[in-house]
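Here is the structure we will look at, set down as structure tokens.
There are 2 protein chains.
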Amino acid sequence: MSNEHFWAVIPAGGAGTRLWPLSRAGSPKFLHDLTGTGRSLLQSTWDRLEPLTGAQVLVVTGVAHVDAVAKQLPDLPADQLLAEPSPRDSMAAIGWAAAVLEARDPEAVLGSFAADHVIGDEEEFRACVTAAVAAASDGHVVTIGIEPTHPATGFGYIEMGDVLGDGPARAVAQFVEKPDRQRAEGYLATGRFRWNAGMFVVRASVLLDLLAQWHPELAAGLRAVAADPSRLAELWPGLEKIAIDHAVAEPAAAEGRVAVVPGGFRWDDVGDFASLGTLLEDAHGLPGVRVLGDADKLRVLDSTGVIVPGTDRVVALVGIDDVVVVDTPDAVLVMSRERAQDVKGIVDALKAQGRTDLT
Amino acid sequence: MSNEHFWAVIPAGGAGTRLWPLSRAGSPKFLHDLTGTGRSLLQSTWDRLEPLTGAQVLVVTGVAHVDAVAKQLPDLPADQLLAEPSPRDSMAAIGWAAAVLEARDPEAVLGSFAADHVIGDEEEFRACVTAAVAAASDGHVVTIGIEPTHPATGFGYIEMGDVLGDGPARAVAQFVEKPDRQRAEGYLATGRFRWNAGMFVVRASVLLDLLAQWHPELAAGLRAVAADPSRLAELWPGLEKIAIDHAVAEPAAAEGRVAVVPGGFRWDDVGDFASLGTLLEDAHGLPGVRVLGDADKLRVLDSTGVIVPGTDRVVALVGIDDVVVVDTPDAVLVMSRERAQDVKGIVDALKAQGRTDLT
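Protein chains in written order, with our numbering: chain A, 1 to 359; chain B, 1001 to 1359.
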């Protein structure tokens, strides 16, 4: 273990709407094996952190998913699985974990890593986290900035400033929201911008003290819940709903309190089926066909795309390129790969129709 | 009834391979409602002929489909449903019916109409058949030639010759096989060519006598089965396998024995899902989306194509044009509309793998 005070916090939330109909509110993305490894994204997150933290892991998830998370992570102690009564956004989730850790160990450093991302080079990832823990120990909020491979418009960016100390960490000049294509290309040209993967490493007490500076009621509420868990049901619904980026990371960056450790490992948030396709290999004998699941279910003639055969049915493709087909027992999705983000529109329409059975 | 001696013969065969996975050997095309009218193609064929023939209809089908045909056509007398022990092509099927009719009524005129075609203007169709029956009564083999709407390469053509008598019938100069695009365009430019829809009207005895001229054993075998139905199992397997076009229509045309009645009604053999799409209307509020089945099962965003939602599942489309999606309980097909003919390749591969459950 790199640091006895270091704890991983895994917020396991989000329905993964753009992976519908595979991922749903009742069966969200992080519970699925989306890489064909036999381990869910949540389990892979645990596996990736375990060499650094052992069982020093807190998982924060919705009350509906507590049983599924406990089943997937049998080595997670029961008192390290925090069940949110309702979704209150990332600041409440991570802040609650921070308050629990602060109460256990005033020196605790937490690293927050989403339960539903995929990371390529795990050794490099752990080296970055270790460097981030060192930078966090001196009071910084530390993020890990992913080296962009293309001018993505779906991610936020981090502009790096001056080098801090003698480690890899640099000051964060600013966080910027998802840019348009032209701005993204400009960012890449400077060499100073990194993707914001939402990874934060910070001392628990530093995080809560910074939060108290800008959102005192939220910080006080979280610390009160940690001090007396019986008050959870009473206090939780009144907590401010805000993302950790807006609540702490951006204002702290403006005060020079945020550092970034550049990460060269491959990272993917598996944001949609097109993204999922890039994580898979071509199916045997089927160039351009990426399959998540049993490729024996496929019959393919002159076609390419991303196929998820999730039932016992045969999926037959004829003369169609860059298609996404997702077969589930109650819904089948057929989509152009380039429109992979837009499946959200289908989910929104189903929700508007009250089809909770499908969403 | 136009003519007391007129009988309709409906050969109900063919698996409709290019409509897989909807149509299969065990559940062939003619048993399906492919027009959304609530009546199968077989039932629609009956409905279309009934004003001309009443119950003077013979259906010839494979032994496996006898029960399904009888159920779909409750008004068909049991002794007018002929069960082929095995497929012996169209000459044996129609010739058997001709021999049965000849034995009942030496003056019988039969009109043979496939069980799985769609016809637009039924009044016009019946007027053509009535004219064909008149022309058949004087000893001609009469076909109905469909006015081409485009230079189709998937149909045979009939070249019309001189006018015969004072009806609409004309001599057939020649039958020609499926042409390439350029030849088809040439045919249309002359105004003399019609599509061969496989409709034949002829006196039963004339058909069998012509057959006896070129295929004497086949004619004798069919007449022997009609004279003594108990010999069916013995004689049927030895009958020559040949299409009526090659056995009789083409050689008879060379002898000036074939007439054609031009038909201006819309005709479609529903050869594939692209063809099926042209028979359907756009779904309500979904321009370019043709649905066979329950449109409420669809969720569509910026997409066009031909959709057959055959199960209880939702079919969602996002940003995909000219797609064919066919949802069945054990197979889902996703195909480019322009490749609709090529689904046969999938069926052939499944057959080669012994997947009789799916074909």
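The beta carbon of each residue, even a glycine, is placed where N, CA and C say it ideally should be.
Local conformation of B:Pro1074 per DSSP, three classes: By 1-based counting over the second sequence, the position of residue 1074 of chain B is 74. In the structure shown, B:Pro1074 sits in coil (DSSP, three-state: anything other than H, G, I, E or B).
Inter-residue Cα distance where the pair is B:Asp1322 and A:Gln72: Working through the second sequence from its first residue, we reach residue 1322 of chain B at position 322. Working through the first sequence from its first residue, we reach residue 72 of chain A at position 72. One C-alpha to the other measures close to 42 angstroms.
Under 9 angstroms from the C-beta of A:Ile10: neighbouring residues of chain B: Here residue 10 of chain A refers to the residue found at position 10 when the first sequence is read from its first residue. Near A:Ile10 there are no residues of chain B at all, since even the closest Cβ is about 31 angstroms away, more than 9 angstroms.
Nearest neighbour of A:Gly221, chosen from A:Val60, A:Ser90, A:Ala99 and A:Glu84 [CA to CA]: Position 221 of the first sequence, counted from the start, is the residue given in the question as residue 221 of chain A. Taking only the C-alpha atoms, the option nearest A:Gly221 is A:Ala99.
Chain-ordered residues of the stretch 308 to 332 of chain A with a beta carbon less than 7 angstroms from chain B: Arg313, Val314, Val315, Ala316, Leu317, Val318, Gly319, Ile320, Val323, Val325, Asp327, Asp330, Ala331 and Val332
Residue from B:Ala1012, B:Thr1053 and B:Arg1104 whose Cα sits closest to the Cα of B:Ser1086: As a position in the second sequence, residue 1086 of chain B is number 86, starting the count at 1. The shortest Cα separation from B:Ser1086 among B:Ala1012, B:Thr1053 and B:Arg1104 belongs to B:Ala1012.
Runs of alpha helix (DSSP H) lying entirely within the stretch 190 to 251 of chain A, each at least 4 residues, in chain order: 204 to 214, 216 to 227 and 232 to 235
Any C-beta of chain A under 7 angstroms from that of B:Val1343: For the purposes of this step, residue 1343 of chain B is identified with residue 343 of the second sequence, where counting begins at 1. Output row for B:Val1343: interface = yes.
Beta-carbon proximity list for A:Leu286, same chain, < 8 angstroms, skipping 5 on both sides: Counted from its first residue, the first sequence places residue 286 of chain A at position 286. If we look at A:Leu286 and ignore the five residues flanking it on each side, its Cβ neighbours are Ala295, Leu298 and Val300.
Neighbour flag for B:Ser1336 against chain A, beta carbons, 7 angstroms: Translated into positions along the second sequence, residue 1336 of chain B becomes position 336. With 7 angstroms as the cut-off, B:Ser1336 counts as an interface residue toward chain A.
8 angstroms CB neighbourhood of B:Met1001 in its chain, flanking five on each side removed: Mapped onto the second sequence, residue 1001 of chain B falls at position 1. Legend: pLDDT at B:Met1001 = 44, less than 50; position of this residue unreliable, no value from coordinates given.
Beta strand (DSSP E) runs wholly inside the stretch 1069 to 1131 of chain B, at least 3 long, in chain order: Entirely contained in the stretch 1069 to 1131 of chain B, the beta strand (DSSP E) runs reaching 3 residues are, in chain order, 1081 to 1084 and 1109 to 1112.
Alpha-carbon spacing of A:Asp105 relative to A:Gln182, whole angstroms: On the first sequence, position 105 is the one that residue 105 of chain A refers to. On the first sequence, position 182 is the one that residue 182 of chain A refers to. A straight line joining the alpha-carbon of A:Asp105 with that of A:Gln182 spans about 46 angstroms.
Contact belief for B:Leu1239 with B:Arg1223 at Cβ below 8 angstroms, rounded distance in angstroms: Position 239 of the second sequence, counted from the first residue, corresponds to residue 1239 of chain B. Position 223 of the second sequence, counted from the first residue, corresponds to residue 1223 of chain B. With a Cβ gap of about 12 angstroms, B:Leu1239 and B:Arg1223 do not count as contacting.
Three-way DSSP call (helix, strand, coil) for A:Pro51 in this model: The residue given as residue 51 of chain A occupies position 51 in the first sequence. Helix at A:Pro51.
Cα-Cα separation between B:Ile1094 and B:Glu1124, rounded to whole angstroms: The count along the second sequence starts at 1 and reaches residue 1094 of chain B at position 94. The count along the second sequence starts at 1 and reaches residue 1124 of chain B at position 124. Each residue's Cα considered, the two are about 24 angstroms apart.
Whole-number beta carbon distance between B:Val1258 and B:Ala1247, since they are thought to touch under 8 angstroms: Along the second sequence, read from residue 1 onward, the residue named residue 1247 of chain B stands at position 247. Along the second sequence, read from residue 1 onward, the residue named residue 1258 of chain B stands at position 258. No, B:Ala1247 and B:Val1258 are not in contact; Cβ-Cβ is about 13 angstroms, not under 8 angstroms.
Same chain, Cβ closer than 8 angstroms to A:Arg337, neighbours up to 5 away in sequence not counted: Locating residue 337 of chain A in the first sequence gives position 337, counting from the first residue. Around A:Arg337: Phe273, Ala274, Gly277, Gly305, Val306, Asp322, Val323 and Val324.
CB contact check: B:Met1001 to chain A, cutoff 7 angstroms: Taking the second sequence and counting its residues from 1, one reaches residue 1001 of chain B at position 1. Its pLDDT being 44, under 50, B:Met1001 is placed unreliably by the model, and the measurement read from it follows with that caveat. No, B:Met1001 does not count as interfacial toward chain A.
Supposed close pair A:Ala331, A:Pro21 - CB separation, criterion 8 angstroms: Locating residue 331 of chain A in the first sequence gives position 331, where the first residue counts as 1. Locating residue 21 of chain A in the first sequence gives position 21, where the first residue counts as 1. Right, the Cβ-Cβ distance comes to about 4 angstroms (below 8 angstroms), so this counts as a contact.
Distance, A:Ala352 Cα to B:Gly1354 Cα: Locating residue 1354 of chain B in the second sequence gives position 354, counting from the first residue. Locating residue 352 of chain A in the first sequence gives position 352, counting from the first residue. If I take the Cα positions, the gap works out to 45 angstroms.
Beta strand (DSSP E) runs contained entirely in the stretch 1324 to 1354 of chain B, provided each spans 3 or more residues: 1331 to 1336
Contact list for the stretch 278 to 312 of chain A against chain B, Cβ threshold 7 angstroms: Arg299 and Leu301
Beta-carbon proximity list for B:Arg1088, same chain, < 6 angstroms, skipping 5 on both sides: Reading the second sequence from its first residue, position 88 is the one you call residue 1088 of chain B. The residues are Leu1239 and Lys1241.
Chain-ordered chain B contacts of A:Ala25 [CB-CB under 9 angstroms]: By 1-based counting over the first sequence, the position of residue 25 of chain A is 25. Around A:Ala25, no beta-carbon contact reaches into chain B at under 9 angstroms, the shortest distance being about 16 angstroms.
CB contact below 7 angstroms: B:Arg1181 versus chain A: The count along the second sequence starts at 1 and reaches residue 1181 of chain B at position 181. No, B:Arg1181 lies away from the interface with chain A (no Cβ there is under 7 angstroms from its Cβ).
Assigned secondary structure, A:Glu185 (DSSP; H/G/I helix, E/B strand, else coil): Within the first sequence, the letter at position 185 stands for residue 185 of chain A. If DSSP states are grouped into helix, strand and coil, A:Glu185 belongs with the helices.
Interface flag, A:Gly354 vs chain B, CB-CB below 7 angstroms: By one-based count along the first sequence, residue 354 of chain A stands at place 354. So, not an interface residue.
Completely contained alpha helix (DSSP H) runs for the stretch 255 to 290 of chain A, where each covers 4 or more residues: 273 to 279
is_contact[A:Thr130, chain B] using C-beta, thresh 7 angstroms: Taking the first sequence and counting its residues from 1, one reaches residue 130 of chain A at position 130. False, the Cβ-Cβ gap to chain B never drops below 7 angstroms.
For A:Phe175, the three-state DSSP class (helix, strand or coil): Along the first sequence, one-based indexing puts residue 175 of chain A at 175. Strand at A:Phe175.
Nearest neighbour of B:His1005, chosen from B:Ser1205, B:Leu1188 and B:Val1315 [CA to CA]: Locating residue 1005 of chain B in the second sequence gives position 5, where the first residue counts as 1. Here the closest residue by C-alpha is B:Ser1205.
Burial state of A:Asp47 (16 or more Cβ within 10 Å): Numbered from its first residue, the first sequence carries residue 47 of chain A at position 47. When all chains shown are included, A:Asp47 counts as exposed.
Coil, strand or helix - A:Asp162 by DSSP: Within the first sequence, numbered from 1, the residue matching residue 162 of chain A stands at position 162. Strand, per DSSP.
CA-to-CA distance, A:Asp302 to B:Asp1245, given in whole angstroms: Within the second sequence, residue 1245 of chain B is the residue found at index 245, counting from 1. Within the first sequence, residue 302 of chain A is the residue found at index 302, counting from 1. Taking the straight line joining both Cα atoms gives about 35 angstroms.
Backbone secondary structure at B:Trp1020 - three-state DSSP: Translated into the one-based positions of the second sequence, residue 1020 of chain B becomes position 20. DSSP places B:Trp1020 outside both helix and strand once states are collapsed to three, so it counts as coil.
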